[in-house]
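22 is the number of the first residue of the sequence shown in my numbering; add one for each residue after it.
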Amino acid sequence: MPLSTSAIRKTVEAYLGRHPDERDALAGLLAALDRPVDVTARTTLPGHVTCSAVVIDRRGRVLHIRHRATGGLMLPPGGHIEPEDRTLLAAALREVSEEAGIAPGALCLTPQMLGSPIDIDVHDIDASPTKGEPAHRHYDFRYVFHLAGEEPPAITLQDEEVSGACWLAMQEVTSPTLRAKLLQAQMDGQPEPVNASALIHDGAGRYLLHLRDHKPGVIWQSGAFALLGGGRAHDDQSLQGTLLRELSEEVPDLRLEDLEPYAVEEATSVDGFSVPVQVFTGRWRGNPDRLRLHEGVLLRWFTPDELDRLRLSPATRDLIRRHAAENAPDRAPAEAPPLWDGGSRTVLNGVGVHLHLEDDEGRVLLGLRHPESRYAGDTWHYLAGRCEQESATACLIREAWEEAGLVIDPVDVDLAHVVHVVDTPGGQPLMQLVFRARRWKGTPEVREPDKCLAWRWWEKHELPDQLVPYTRTAIAGITEGRTYSQLGW
Numbered sequence: 022m023p024l025s026t027s028a029i030r031k032t033v034e035a036y037l038g039r040h041p042d043e044r045d046a047l048a049g050l051l052a053a054l055d056r057p058v059d060v061t062a063r064t065t066l067p068g069h070v071t072c073s074a075v076v077i078d079r080r081g082r083v084l085h086i087r088h089r090a091t092g093g094l095m096l097p098p099g100g101h102i103e104p105e106d107r108t109l110l111a112a113a114l115r116e117v118s119e120e121a122g123i124a125p126g127a128l129c130l131t132p133q134m135l136g137s138p139i140d141i142d143v144h145d146i147d148a149s150p151t152k153g154e155p156a157h158r159h160y161d162f163r164y165v166f167h168l169a170g171e172e173p174p175a176i177t178l179q180d181e182e183v184s185g186a187c188w189l190a191m192q193e194v195t196s197p198t199l200r201a202k203l204l205q206a207q208m209d210g211q212p213e214p215v216n217a218s219a220l221i222h223d224g225a226g227r228y229l230l231h232l233r234d235h236k237p238g239v240i241w242q243s244g245a246f247a248l249l250g251g252g253r254a255h256d257d258q259s260l261q262g263t264l265l266r267e268l269s270e271e272v273p274d275l276r277l278e279d280l281e282p283y284a285v286e287e288a289t290s291v292d293g294f295s296v297p298v299q300v301f302t303g304r305w306r307g308n309p310d311r312l313r314l315h316e317g318v319l320l321r322w323f324t325p326d327e328l329d330r331l332r333l334s335p336a337t338r339d340l341i342r343r344h345a346a347e348n349a350p351d352r353a354p355a356e357a358p359p360l361w362d363g364g365s366r367t368v369l370n371g372v373g374v375h376l377h378l379e380d381d382e383g384r385v386l387l388g389l390r391h392p393e394s395r396y397a398g399d400t401w402h403y404l405a406g407r408c409e410q411e412s413a414t415a416c417l418i419r420e421a422w423e424e425a426g427l428v429i430d431p432v433d434v435d436l437a438h439v440v441h442v443v444d445t446p447g448g449q450p451l452m453q454l455v456f457r458a459r460r461w462k463g464t465p466e467v468r469e470p471d472k473c474l475a476w477r478w479w480e481k482h483e484l485p486d487q488l489v490p491y492t493r494t495a496i497a498g499i500t501e502g503r504t505y506s507q508l509g510w
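Written out as structure tokens, the structure reads:
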């Protein structure tokens with residue numbers, strides 16, 4: 022199955038966000054993405070996508086190979102995308118394995134790029150009468166990797182396509198655009214953690230484990246118990262920030278004590294490359310059944326002697342047992358107070374941010390949530406998001422752009438209504454803030470199809486039956502001029 026055009030376009034737009042001056046150079050690629058063709062197929066003309074792997078060793082040298090097809094030019098390993106390639110990154114990994122014999126497990130992502138292309142090179146390819154190929158163009162997505170080990174692995178060349186290999190100093194990289202970007206990014210070849218996980222314990226010998234969804238080839242450690250956590254994003258300021266962001270997305274009600282770095286472990290990604298993981302330890306003593314879980318199947322406490330019964334990576338099992346051996350239980354298990362017990366305790370309320378837009382006809386914008394959404398699947402809802410380490414208006418503006426491609430100026434936003442909600446007895450109270458934007462730029466488009474299937478303007482007196490209850494309450498309140506409502510109390 023070919024890579025989706027939407028995934029490639031998302032990669033290109035993210036790249037152009039870092040290099041806006043290259044939009045004209047990539048105009049041909051953007052035009053190809055607008056056509057109903059497979060831009061990864063070598064038969065697609067006048068140009069198609071290829072992928073390369075830029076491999077950097079511990080001395081900061083970059084692997085180059087001599088491609089026979091290019092008349093002996095020294096270039097990073099790379100080539101055409103195959104139907105079995107799951108992602109552009111996976112295609113680059115396959116190419117370096119085939120052409121230079123370097124297995125994915127010998128490579129790791131760089132903290133500067135995190136699996137994004139460092140360069141998209143546009144170059145012309147001469148006609149090849151022997152292959153029946155006319156002159157055409159390659160849009161080469163170049164992904165950068167560090168070697169996971171101290172020494173470069175042995176190079177095994179693919180004789181029919183490659184006639185030599187060498188490691189060149191960064192200043193000698195043959196591609197001027199690639200050389201400039203490598204030097205600007207200050208790539209030093211030293212692998213660093215790009216993932217963060219939480220080893221959560223209760224101080225009494227129990228460890229909290231997360232059962233992941235069973236989606237082989239899509240989810241890392243699919244269908245197995247694992248630590249909570251995930252991969253670093255470009256906006257994360259630190260690995261601890263990565264972990265806190267991941268926890269807020271996976272288990273928003275979880276609050277850890279004594280969070281501190283513990284160890285760096287090696288894991289293997291879905292695509293087979295090495296992933297250094299910074300593991301943090303933290304304490305928590307609550308009942309996991311009371312937590313809202315937004316990703317995965319369940320959370321459970323386990324003692325070290327129960328681990329052999331679980332589907333669990335050997336590295337995680339060894340890590341837990343090592344921590345248990347170093348930290349004797351200091352108290353009996355005890356549950357933390359519930360998040361809400363009727364008002365006798367101080368309770369942290371969650372904050373949701375929502376966008377109320379009305380067009381010139383007074384219709385309100387709603388989105389149809391994906392059927393597999395954990396919250397309100399196959400139901401209409403405001404454009405919305407959870408407020409994280411940011412102001413509510415900053416969250417609103419970010420979500421409007423990420424979800425629907427709308428550009429909103431903060432000065433055009435007013436708080437229109439607040440709905441104070443308790444979804445379930447004993448659940449965390451949620452303060453749902455609804456903001457009205459007086460002006461905006463753009464037309465609503467589906468930019469996150471895994472979350473939203475469609476945007477539609479609805480008459481306020483003809484709202485859909487399948488509508489999130491507090492959204493209906495907020496629309497009614499705004500229409501009637503009220504600023505506050507509550508549900509579930």
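Idealized CB from N, CA, C, for every residue including glycine. From a predicted model like this one, the values you see are computed outputs, not experimental measurements.
Return the Cβ separation of H69 and E182 in integer angstroms, given the expectation that the two are a contact with Cβ distance under 8 Å.
Locating residue 69 in the sequence shown gives position 48, counting from the first residue. Locating residue 182 in the sequence shown gives position 161, counting from the first residue. No, H69 and E182 are not in contact; Cβ-Cβ is about 18 Å, not under 8 Å.
Just to confirm, is the Cβ distance from G170 to A206 under 8 Å?
Looking up residue 170 in the sequence shown gives position 149. Looking up residue 206 in the sequence shown gives position 185. Going by C-beta atoms, G170 is not nearer than 8 Å to A206.
Check whether T32 and L109 have beta carbons under 8 Å apart:
As a first step, residue 32 must be located in the sequence shown, where it is residue number 11. As a first step, residue 109 must be located in the sequence shown, where it is residue number 88. In this structure, L109 lies closer than 8 Å to T32 by Cβ.
Strand pairing of A497, partner residues [DSSP]
One-based indexing of the sequence shown puts residue 497 at position 476. Note: A497 sits in no beta bridge, so no partner.
Minimum C-alpha distance to F301 - residue among I341, A475, L94 and P325:
Against the sequence shown, residue 301 aligns to sequence position 280. It is I341 whose Cα lies nearest to the Cα of F301.
Beta-carbon gap between V455 and Y396 smaller than 8 Å:
Position 434 of the sequence shown, counting from 1, holds the residue named residue 455. Position 375 of the sequence shown, counting from 1, holds the residue named residue 396. Going by C-beta atoms, V455 is not nearer than 8 Å to Y396.
Could you pull the start and end residues of the beta strand (DSSP E) that L508 belongs to?
Reading the sequence shown from its first residue, position 487 is the one you call residue 508. Run containing L508: Y505 to L508, per the beta strand (DSSP E) assignment.
On a CA-only basis, which of I123, V60 and V215 is nearest P512? Give me that one, please.
Residue 512 cannot be examined here, being either before or after the span of the chain that is shown, 22 to 510.
Taking only the alpha-carbon atoms, compute the straight-line gap between H40 and L203 and give it to the nearest angstrom.
As a first step, residue 40 is located in the sequence shown; it is residue number 19 there, counting from the start. As a first step, residue 203 is located in the sequence shown; it is residue number 182 there, counting from the start. For the pair H40 and L203, the Cα-to-Cα distance works out to about 14 Å.
Taking the DSSP output, what are the residues bridged to P282?
By one-based count along the sequence shown, residue 282 stands at place 261. The partner list for P282 (beta bridge, DSSP) reads F301.
Rounded separation between Q179 and Q192 - CA only
The count along the sequence shown starts at 1 and reaches residue 179 at position 158. The count along the sequence shown starts at 1 and reaches residue 192 at position 171. The straight-line gap from Cα to Cα measures roughly 26 Å.
Helix, strand or coil, according to DSSP, for Q205 in the structure here?
Taking the first residue of the sequence shown as position 1, residue 205 is located at position 184. In the structure shown, Q205 sits in a helix (DSSP, three-state: H, G or I).
Taking 7 Å as the limit between beta carbons, can you name the residues of its chain near I176, skipping five residues before and five after?
Translated into the one-based positions of the sequence shown, residue 176 becomes position 155. Excluding residues within five positions, the ones whose Cβ falls inside 7 Å are A121, G122 and A186.
So, is Y505 buried or exposed, given that buried needs 16 or more other C-beta atoms within 10 angstroms?
The residue you call residue 505 lines up with position 484 of the sequence shown. Exposed, by the Cβ-count rule.
Could you check what DSSP says for L328 in three-state terms: helix, strand or coil?
As a first step, residue 328 must be located in the sequence shown, where it is residue number 307. Looking at L328 - three-state DSSP - the assignment turns out to be helix.
Tell me where the beta strand (DSSP E) around W322 begins and ends.
On the sequence shown, residue 322 is found 301 positions in, with the first residue counted as 1. Membership of W322 in the beta strand (DSSP E) is indicated by the continuous run L319 to F323.
Considering only C-alpha positions, which residue in the set S73, G406 and G250 is nearest to L230?
Numbered from 1 along the sequence shown, position 209 holds the residue referred to as residue 230. Each of S73, G406 and G250 was checked against the Cα of L230, and the nearest Cα belongs to G250.
Could you check the C-alpha separation between S394 and V75 for me, to the nearest Å?
The sequence position of residue 394 within the sequence shown is 373, counting from 1. The sequence position of residue 75 within the sequence shown is 54, counting from 1. Rounded to whole angstroms, the separation of the alpha carbons of V75 and S394 is 37 Å.
R459 to D433 span [Cα, whole Å]:
Sequence index remark: in the sequence shown, residue 459 carries index 438 (1-based). Sequence index remark: in the sequence shown, residue 433 carries index 412 (1-based). If you take the alpha carbons of R459 and D433, they lie about 5 Å apart.
Stretch-stretch touch, CB-based, cutoff 8 Å, three pairs: the region 211-224 with the region 292-301:
At 8 Å Cβ cutoff, the stretches touch.
For E466, count neighbouring C-beta atoms within 10 Å of its own C-beta (all shown protein chains included) and say buried if the count is 16 or more, exposed if not.
Walking along the sequence shown from the start, residue 466 turns up at place 445. The C-beta of E466 has fewer than 16 other C-beta atoms within 10 Å across all chains shown, which makes the residue exposed.
G363, buried or exposed, once every other Cβ within 10 Å from all chains shown has been counted against 16
Working through the sequence shown from its first residue, we reach residue 363 at position 342. Caution is warranted here: a pLDDT of 47 is assigned to G363, below 50, making its placement in the model unreliable, and the coordinate value is therefore given only provisionally. So G363 counts as exposed.
So, using beta-carbon positions, are D380 and W476 closer together than 8 Å?
Stepping through the sequence shown from its first residue, residue 380 is reached at position 359. Stepping through the sequence shown from its first residue, residue 476 is reached at position 455. Result no, Cβ atoms of D380 and W476 do not sit closer than 8 Å.
Name the DSSP bridge partner or partners of L389?
For the purposes of this step, residue 389 is taken as residue 368 along the sequence shown, with counting starting at 1. In DSSP, L389 forms a bridge with W401 and A475.
Verify whether the separation of the beta carbon atoms of A336 and V374 is less than 8 Å.
Translated into positions along the sequence shown, residue 336 becomes position 315. Translated into positions along the sequence shown, residue 374 becomes position 353. If you check the CB distance, A336 and V374 do not come in under 8 Å.
Buried or exposed: which applies to W305, given that a residue is buried once 16 or more other Cβ atoms fall within 10 Å of its Cβ?
Here the question's residue 305 lines up with position 284 in the sequence shown. Taking a 10 Å sphere around the C-beta of W305, we find 16 or more other C-beta atoms and assign the residue as buried.
Between the C-alpha atoms of S365 and P450, what's the straight-line distance to the nearest angstrom?
Position 344 of the sequence shown holds residue 365. Position 429 of the sequence shown holds residue 450. With a pLDDT of only 47 at S365, under 50, the local geometry of the prediction cannot be trusted, and no value is derived from it.
If distances are taken between C-alpha atoms only, which option among I29, P197, E409 and G136 comes closest to P295?
As a first step, residue 295 must be located in the sequence shown, where it is residue number 274. Here the sequence assigns Ser to residue 295, which means Pro is not the residue at that position. With distances taken between Cα atoms, S295 lies closest to G136.
Cβ-based neighbour list, E287, same chain, cut-off 8 Å, excluding 5 preceding and 5 following
What you label residue 287 is simply residue 266 of the sequence shown in a count that begins at 1. Counting only Cβ-Cβ distances below 8 Å, and skipping sequence neighbours, we find A169, S295, V296, P297, V298 and A336.
What residue from T151, L24, A349 and R419 has the CA that sits closest to I102's CA?
Position 81 of the sequence shown, counted from the start, is the residue given in the question as residue 102. Taking only the C-alpha atoms, the option nearest I102 is L24.
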